[in-house]
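Just below is one structure, and these are the notes that go with it.
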Amino acid sequence: MGWKLFCVGCGPGDPELLTLKAADIIKMADVIFCPTARAGRDSMALSIVKTILDEREERPEIINLIFPMVKDKSTLQETWKDNTDQIASKCKEGKKVVYLTVGDPSLYSTFTYIHKQLGERYPEIEVEVVPGVASMFAFASQAKISLAEGDETLAIVPACYDLNRVKTTASACDTVVFLKDGRYFSSVIEMLKQSGFSDDSLIAIAQDVSAEGEVVKVSKLKDITSSEPAEKYFSIMVVKRE
């Protein structure tokens, strides 16, 4: 008997941005695994599919998998191993098993680590990955901006930036997308200016993309000051060279 795991990208937060294929797979799941940062914390991915689950006659088994926000490699490796073992165990029971992830599974997703572990330790389990709408694309649509056009280059920078890498990346690209973390906002703005982004460069900032309380602000780099409190935390920031 073949064992299979579905990894489903749930999009950025709005349930209406869930793909039809993703919805169909969730409807037939026996077991759903949801990543969360700590015990007792609600899974954002699970909240996105809540309506679909509420409409089911029989609710699937829901299992939260904790992915702690730490940098210790041994802790992370042990976490990935344990979480993968739980998933593999359910797959080998012959259950229809689904792993949910926010956004798209290919972009800064916890599933990357699970997939690698499965390939190394459980190659007999087939994996199907269902794409989802990444938050940066949902944000670009909400802000009505183009991320790249013609021969322009685009870079994606994750949270906890290395500011030297930010400067190097920004110097080489026309558009830079910053994800999730605004602790270094004032330093990043200064780095962008040093990297040749003019005062008239477009800057767009979002909080809680495609979710309740979403805030989207689009302006020019010259209109942003490092002391603005609203930008101390953001989900996404896009800066496009003028």
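Note that the sequence shown ends on residue 1148 in this note's numbering; no numbers are left out.
Cβ coordinates follow ideal geometry from the N, Cα and C atoms, glycine included.
Coil, strand or helix - residue i by DSSP
i: Gly1025; result: helix
i: Ser1125; result: strand
i: Val1063; result: strand
i: Glu1032; result: strand
i: Val1151; result: A question about residue 1151 goes unanswered here, because the residues of the chain that appear run from 907 up to 1148.
i: Val1072; result: helix
i: Thr925; result: coil
i: Thr1081; result: strand
i: Glu1118; result: coil
Alpha carbon of residue i to alpha carbon of residue j, nearest angstrom
i: Glu1137; j: Asn1070; result: The pLDDT assigned to Glu1137 is 47, lower than 50, so where the model puts this residue is not dependable, and the model offers no usable value.
i: Ser1104; j: Met1097; result: 12 Å
i: Pro1011; j: Ala1076; result: 25 Å
i: Leu1013; j: Val1035; result: 12 Å
i: Ala1046; j: Gly919; result: 15 Å
i: Ile1109; j: Glu961; result: 41 Å
i: Arg965; j: Val1144; result: 39 Å
i: Thr1007; j: Glu1118; result: 19 Å
i: Ile1020; j: Leu959; result: 24 Å
Environment of residue i [buried if 16+ CB atoms lie within 10 Å]
i: Gly946; result: exposed
i: Ser980; result: exposed
i: Pro941; result: buried
i: Gly1009; result: buried
i: Ala994; result: buried
i: Asp930; result: exposed
i: Gln1100; result: exposed
i: Thr990; result: buried
Identity of the residues DSSP links to residue i by a beta bridge
i: Pro941; result: Leu971
i: Ile1111; result: Lys1123 and Met1143
i: Gly1009; result: Gly917
i: Leu1098; result: According to DSSP, Leu1098 bridges with nothing at all.
i: Trp909; result: Ile1031
i: Val1004; result: Phe912 and Ile938
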